[in-house]
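> Quick one: the structure is below, and I'll ask about it shortly.
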Amino acid sequence: MKITLKRTSPNYRQKLSTPRIMRDLTIAILAIVIFSLYYFSTVGTDYLIKAIEIYAVALVAAALTEAIFFAVSKKKNVLTEMRYSFGWVTVLLFALTLPIGTPLYVVAIGAVIAIFFGKLIYGGFGQNIFNPALVGRVVVHLSFGSSLTSYLGTNAPDIISSVTPTTALNQTNWVGTITTDLPTLFTGMYSAALGETCTILILLAGVFLAIRKVFDWRIPVAYLGTVLIMGACQGAICGLDPIQTALTHIAIGGVAFGAIFMATDPVTSPTSPLGKIIYGISLGFITMLIRLKANYPEGVLFSILIMNMLTPMIDNVTLGRTDQHQARQYGIIIGYVILATAVIGAISTSLKLPESMQEPEPITAEIVEQTDQSITVKATGFSNASPLTVQVFIDGDAISVDVIDYQGETRGYGRDLIEAGSGPMLNEKAQVFYDTILNGSFTKADLDGLDTTTGATKTTNGIINAIRGALDSVQ
C-alpha cells in the first residue's frame, strides 16, 4: 500500500454517494449489533432481551426527536428529511457504547441528546462539529455514571465479571494482570459496552469500510499504531510482557471501536492526509495519557471529543502544505510519535501496583509441619499470595511428594502440570517431571540437573524448592 501525504478529499466530497456510504456503514454496524445479541444470548435470556430493548429505545427516541424537529421546522417532507439525516447510524453507535445494565430511560435521554444537541442544532447531517454519538455518551457518563453497570440487577451472574477488564486493570494502576486472557478479549466473549468487545470483528469491519472507501485508513492506523507502540513501551518499562500489554490496550475499553467507527467521521476529522495522521497519533497519545494518569479509567471517549475541537486548527495548519516537502512531513510524524511515546514512557516509570494489591515476598521453603512420616512445606509457585503446599515423604534414599494445595496455580500451566503432567501450554519436559517427581519415587540425585523449563517453570521450581527445603530440614 502506497502511503501518500498528498491531499485527498473527505468522503462526503467524493463521487461516492452519501446513501451508499451510509449503507455500507450501516452494514458494518449491524454486524457488531448482531454479535452483541449473540453474546448476551449466551449469558441469559434476560440479557438478550435487555440488549434488544436498548437498541429499540435508542432508535425510537431518535426517530421521535427527528420527526418533531423537522415538523416544527416546517419541512415539507418529514420522512424524506429523516431518511437523509441517517439518525439510526448515530444512535446505534451511541447504543453500542453503553453497558448492558444501562437503564432504558438513560438510553432514551442519551439518544435524544445525541440527535438534537449533537447534530440537529448545528444544521443537521454533515454540519456537526462533534461526533454526535459521543456527545450523547459523554452526557450519559457524566450524569448517570453510577447507573452504567455491566450486569443486570444487584449482582453479576457467574458467567460475567462485575467489573470490565478496563476497570480491573485501572484498579492495578495498569501494572497488574486480569483474569480475561487475550483470546477472550479479541473474540469478545466478555461483558463490557455492547459494541466494544469483539476486537477481531471490529477490525474486519474496519477493513471492509476502508476497502469500500467509507473512511480514510490513515486515522485508524495512526490511532491503533500509536496505542500499540505506547502500550509496548509502558509494558517494557513496568516489567510486563510488552506485546501482551500492547494488545491488551487495543482490545479493551473501546479503542478498536473508537478508532474504526468514531474517530473516522469525515465531518469531525481533518481533511488532509498529514492532518489525519497527526489526528490519529494525537488520539492514541491522549487515550494512553488519560488511561495511565487520569482518574477515569478510559480515554477513548474524551480523546475523540478533544480532537474534534482541534480539527479546525489541524486543517488550518496542514491544508495547502501537504504537496511539498514530504520528507519534512515524515520527520514531523516520526518526531511526534517519539516525543509522545517518551512522555508515556516517563509516566510509566511512576506506575506502581497499589499496596493493597502487592503480593507478599516469595517463599523459597517454609516448613509448616514435620512428623515421622512426612514434612509439609510451603513454597512459592506462580502466585506469591497463594503459595504451594507440598507434603514430602522421605524413606531412606527414596523420596515422594504430594502437592496438597495449589490454588494459586493457573489452569493450562501449573494446575495441569500437577494434575496430569500435560496441557495445552506444557511441553514434553512437563510429562517427564510429572512421571519422575510427582507420580513416582525418586532420589536426591534425580533433582540434580533436572530441567524445569516445563512451560510452567515457576510451579516446577516451587515444587523443587519445597523438596530441597524438606531435605535440608532433616540433615
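Under the numbering used here, residues 102 to 576 are what the sequence shown spells out, in order.
Where a beta carbon is used, it is the ideal one built from N, C-alpha and C, also for glycine.
Owing to the predicted nature of the structure, the values given are computational and were not obtained by experimental measurement.
Are the beta-carbon atoms of Gly202 and Phe218 separated by less than 9 Å?
no
> Thr544: buried (16+ other C-beta within 10 angstroms of its C-beta) or exposed?
exposed
> Going by beta carbon distance, what residues of the same chain come within less than 8 Å of Leu489, once the five residues before and after it are set aside?
Lys479, Ala480, Thr481, Gly482, Val504, Asp506, Tyr507, Gly509, Glu510, Thr560, Gly563, Ile564, Ala567
> Tell me the rounded alpha-carbon separation between Leu518 and Thr191.
51 Å
> Let me confirm a value: Glu167 is counted as buried when at least 16 other C-beta atoms fall within 10 Å, else exposed. Which label applies?
buried
> On the DSSP letters alone, give me the boundaries of the beta strand (DSSP E) that Lys545 sits inside.
Here Lys545 belongs to no beta strand (DSSP E); instead the alpha helix (DSSP H) covers 545-548.
> Taking one C-beta from the stretch 308-328 and one from the stretch 357-368 each time, how about it: are there three or more such pairs within less than 8 Å?
yes
> Examine the Cβ distances between the stretch 169-180 and the stretch 196-211 and report whether three or more of them are shorter than 8 Å.
no
> Taking 9 Å as the threshold (beta carbon to beta carbon), is Leu402 in contact with chain C?
Considering every chain present, this structure includes no chain C. It has just one protein chain.
> I'd like the list of long-range same chain contacts for Thr250, defined as Cβ closer than 7 Å, with 5 residues on each side in sequence excluded.
Excluding residues within five positions, the ones whose Cβ falls inside 7 Å are Pro200, Gly202.
> What does DSSP give as the partner residues of Thr490 in its beta bridges?
Lys479, Asp506
> Report the residue ranges of all alpha helix (DSSP H) runs contained in full by the stretch 208-289; include only those spanning at least 4 residues, in chain order.
Assignment of alpha helix (DSSP H) within the stretch 208-289, counting only whole runs of 4 or more residues, yields 233-245, 266-272, 283-288 in chain order.
> Between Asn485 and Thr327, what straight-line distance do the alpha-carbon atoms span, to the nearest angstrom?
34 Å
> Figure out for me which residue from Met410, Thr555, Leu375 has the closest Cα to the Cα of Gln427.
Between Gln427 and the set Met410, Thr555, Leu375, the nearest pair of CA atoms involves Leu375.
> Could you tell me whether the Cβ atoms of Gly296 and Leu205 are closer together than 9 Å?
It is not a contact, given that the beta carbons lie outside the stated cut-off.
> With three or more beta-carbon pairs closer than 8 Å as the criterion, would you say the stretch 115-134 touches the stretch 180-191?
Flag = yes, the stretch 115-134 and the stretch 180-191 touch.
> Please report the residue range of the alpha helix (DSSP H) in which Gln532 lies.
529-534
> How do the stretch 262-278 and the stretch 215-232 stand: do at least 3 beta-carbon pairs fall below 8 Å, yes or no?
no
> For Val274 and Pro455, which I take to be in contact (beta-carbon distance under 8 Å), what is that distance rounded to the nearest angstrom?
One point to set straight first is that residue 274 is Asn, not Val, in the sequence displayed. Contact flag correct, Cβ pair sits at about 6 Å.
> Identify, in the order they occur along the chain, each residue of the same chain with its Cβ nearer than 8 Å to the Cβ of Ala499, setting aside the five sequence neighbours on each side.
Ser542, Phe543, Thr544
> From which residue to which residue does the beta strand (DSSP E) around Ile155 run?
No beta strand (DSSP E) holds Ile155; the alpha helix (DSSP H) holding it covers 146-173.
> For Gly381 and Ala215, I'd like the C-alpha separation in whole angstroms.
23 Å
> Less than 8 Å between C-beta atoms, sequence neighbours within five positions excluded: which residues of the same chain meet that for Gln471?
Thr477, Ser574
> Looking at C-alpha atoms only, which residue of Ile361, Cys339, Ala357 is the closest neighbour of Ala311?
Ile361
> Taking 9 Å as the threshold (C-beta atoms), are His350 and Met389 in contact?
yes
> In the DSSP assignment, find the unbroken beta strand (DSSP E) run with Ile468 in it and report its ends.
For Ile468, the uninterrupted beta strand (DSSP E) run begins and ends at 467-471, by DSSP.
> Exposed or buried, what is Gln115 when buried is set at 16 or more other beta-carbons lying within 10 Å of its beta-carbon?
With a pLDDT of only 49 at Gln115, under the threshold of 50, the placement of this residue in the model should not be trusted, and no figure is reported.
> Roughly how many angstroms separate the alpha carbons of Arg184 and Leu165, rounded to a whole number?
13 Å
> CB Leu551 to CB Val502, shorter than 9 Å?
no
> Can you give me the start and stop residues for the alpha helix (DSSP H) that Phe309 sits inside?
300-312
> Answer yes or no: do Ile379 and Ala323 have a C-beta to C-beta separation smaller than 9 Å?
yes
> Please state whether the Cβ-Cβ distance between Ile448 and Leu393 is less than 9 Å.
yes
> Ile495 by DSSP, collapsed to three states: which one?
strand
> Leu286 and Ile353 look like a contact to me (Cβ under 8 Å); what is the Cβ gap, rounded to whole Å?
That belief holds up - the Cβ atoms of Leu286 and Ile353 are roughly 6 Å apart, short of 8 Å.
> For Asp547 versus Thr537, is the C-beta spacing smaller than 9 Å?
yes
> Tell me which residues share the same chain as Leu420 and place their Cβ nearer than 6 Å to its Cβ, disregarding the 5 neighbours each side in the sequence.
Ser373
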